[in-house]
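*Asks:*
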Amino acid sequence: MIVTSIDLGSSLTKSFYLHDGMPCPLVMEPEIAWVQPELLDRYQNVNQDAQPEKVAWVQLDHEIAAVGQFAQNFAGDMGLVERKERRAIHKVLAILGAMQERLQLGDRTSAMLSLMLPVTEFSDRKKLQESLQKAAKNFTFRGKTLSIDFQKLQIFPEGFGLFLTLRAELIKQKINPRNRNILVLMLGHRNLSLLIFQNGVLQDTSRSDGPGFFNAVKIAASLQGLPEGTPHLTEAIAMNYSSLRVAGQLMPINLKATNLAAREGYWKQVKTYLENHLPGGEYDVIVAGGAGTVIETELNTLFQQMDLPGRLSFGEGLKYQLQALLRDNPDLCSQPSLISRMADSYAMFGATWAAYQNTLAA
């Protein structure tokens, strides 16, 4: 059986699955490209030793989608203007196919999946759930026909794993979380999400239409006269690199002033959005998402001004656990912002794993 949580992020698909009794990370780039079958053999033959998630494609009926890093060979795009659920089926099947191959399971297996969607797309979860269940029963991954039966398939709003984390922290402090208002602030690449829980119940005022970190990238690209999709530009802004080499230019471009302007412009948008949409009253806040590390100082200052400094969390406990887990994976631990980006999926995996253990004990 595959036991997993999947966060369909706009800049990276983050997932964890159970392997030898331990959580194992698996990430995929967000691109998707629609390709013709005759193009696949050439790439597959020269990438036989690559991990399955690096050379991934999914076929449903007669439609073939290259997913993740492999899609970059076919000018795949991130689909930032599309609703995530439109691409969710192919992304989920690619992740499950890669896990099936890594775990060396048979052509037919079962799965327990927790999937996360933006809160504004959460209302479509039943339709997506039905479509996923149908598609997983008969699809092709890297030329191999697979069938996956969901023993349990649950769809949650992005940030729900973090809500469970903060809820557990309050319980440890002998505080009843039902008596506290909890706010989850997700700072992602595509958007900013606010999940508001009152008395343990998700409120209709929750939203995910805030400014994403791609706005900082847009500012930087405009200042430098570069395309917004310039390779490594997002990383350079997030990591505050002083320079960047780009194709077609002999000398690296200087990013010092650009980074400052991009970060300041992005923070101004975030601050304005929070001023307009933060709820009234007292609440505990947990922050996650890769952009959260970029503006952590500014967020701390803002919440101090709001007289809520002691009730702001950046999920430090989760970060310590993830740092230990990713220590043996140099590709992942070399990216500091990835810890915050993976926190929600990791927290959700913990809940999924616990549910799986309960089924074994029953």
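Take 7 as the starting number for the sequence shown in my numbering and just add one per residue. Backbone N, C-alpha and C define an ideal beta-carbon position, used for all residues, glycine too. Quick caveat, the model's predicted, so the values are computed rather than measured.
1) H25 bridges to which residues according to DSSP?
2) Going by other Cβ atoms of all chains shown within 10 Å of its Cβ, with 16 needed for buried, is Y352 buried or exposed?
3) Could you tell me which residues DSSP puts in a beta bridge with E69?
4) Only counting the same chain, and skipping five residues up and downstream in sequence, which positions put a Cβ closer than 8 angstroms to that of L45?
5) Specify, as a first and last residue, the run of the alpha helix (DSSP H) that K132 falls within.
6) Does the beta-carbon of A263 have 16 or more other beta-carbons within 10 angstroms, so that it is buried, or is it exposed?
7) Between which two residues does the alpha helix (DSSP H) carrying A81 extend?
8) What's the C-alpha gap between M245 and Y326?
9) Looking at C-beta atoms only, is the number of pairs between the region 212 to 222 and the region 119 to 126 that lie closer than 8 angstroms three or more?
10) Any idea if H195 is buried or exposed, counting beta-carbon neighbours within 10 angstroms, 16 or more meaning buried?
11) Quick check on this structure: which residue in E136, Q110, P163, K158 has the alpha carbon closest to the alpha carbon of F203?
12) With which residues is P217 paired in a DSSP beta bridge?
13) Can you tell me whether DSSP reads D290 as helix, strand or coil?
14) Any idea if H68 is buried or exposed, counting beta-carbon neighbours within 10 angstroms, 16 or more meaning buried?
15) Just the C-alpha distance for L239 and L250, rounded to the nearest angstrom, thanks.
16) Assuming A142 and I161 make a contact with CB atoms under 8 angstroms, what is their CB distance in whole Å?
17) To the nearest whole angstrom, what separates the beta carbons of L109 and I292, a pair I think is in contact under 8 angstroms?
18) Count the other CB atoms, across all protein chains shown, that sit within 10 Å of the CB of L266; report buried if there are 16 or more and exposed otherwise.
19) Extract the residue ranges of the alpha helix (DSSP H) inside the region 254 to 305, only unbroken runs of 4 or more that lie entirely within it.
20) Between which two residues does the beta strand (DSSP E) harbouring A117 extend?
21) Could you check if D313 is buried or exposed, using at least 16 other CB atoms within 10 Å of its CB as the buried criterion?
22) Under the DSSP definition of a beta bridge, which residues are partnered with V9?
23) Report the option in S16, F166, E304 whose CA atom is closest to the CA atom of A349.
24) Please state if the CB of G82 and the CB of I38 are separated by a distance shorter than 7 angstroms.
25) With a cut-off of 8 angstroms, do at least 3 Cβ pairs link the region 267 to 274 to the region 167 to 183?
26) How far does the alpha helix (DSSP H) with L172 in it extend, from its first residue to its last?
27) Quick check on the DSSP output: the alpha helix (DSSP H) that includes K325 runs from which residue to which?
28) Give me the residue from G296, G206, K150, S346 with the minimum Cα distance to I177.
29) Considering only the alpha carbon of each residue, which of P58, L198, L261 lies closest to L248?
30) Going by the DSSP bridge assignment, what does M192 pair with across the sheet?
31) In whole angstroms, what is the alpha-carbon distance linking L99 and R131?
32) By the three-class DSSP mapping on this structure, what secondary structure does S153 have?
33) Taking F219 as the reference, give the member of L229, S116, E241 with the closest Cα.
34) Looking at the structure shown, is T358 part of a helix, part of a strand, or coil, going by DSSP?
35) Name the DSSP beta bridge partners of I161, please?
36) Buried or exposed: where does M257 fall if 16 or more other Cβ atoms within 10 Å of its Cβ makes it buried?
*Replies:* Quick look at the numbers:
1) M28
2) buried
3) L66
4) F80
5) 131 to 142
6) exposed
7) Counting along the chain, A81 falls outside any alpha helix (DSSP H), and DSSP gives it neither H nor E.
8) 20 angstroms
9) yes
10) buried
11) P163
12) N197
13) Note: D290 maps to strand in three-state DSSP.
14) exposed
15) Straight-line measurement puts the Cα of L250 at about 8 angstroms from the Cα of L239.
16) The pair is not a contact, with the Cβ atoms about 14 angstroms apart (cut-off 8 angstroms).
17) Contact flag wrong, Cβ pair sits at about 32 angstroms.
18) exposed
19) Those alpha helix (DSSP H) runs which fall completely within the region 254 to 305 and span 4+ residues are 262 to 283, 296 to 300.
20) 114 to 123
21) exposed
22) M118, per the DSSP bridge assignment.
23) Among S16, F166, E304, the Cα nearest to that of A349 is on F166.
24) In this structure, I38 sits near G82, with a CB-CB distance shorter than 7 angstroms.
25) no
26) 166 to 178
27) Start and end: 322 to 332.
28) G206
29) Leu is not the amino acid found at residue 248; the sequence shown has Ser there. When only C-alpha atoms are compared, the closest one is L261.
30) S199, A294
31) 16 angstroms
32) strand
33) E241
34) helix
35) L121
36) With fewer than 16 other Cβ atoms inside 10 Å of its own Cβ, M257 counts as exposed.
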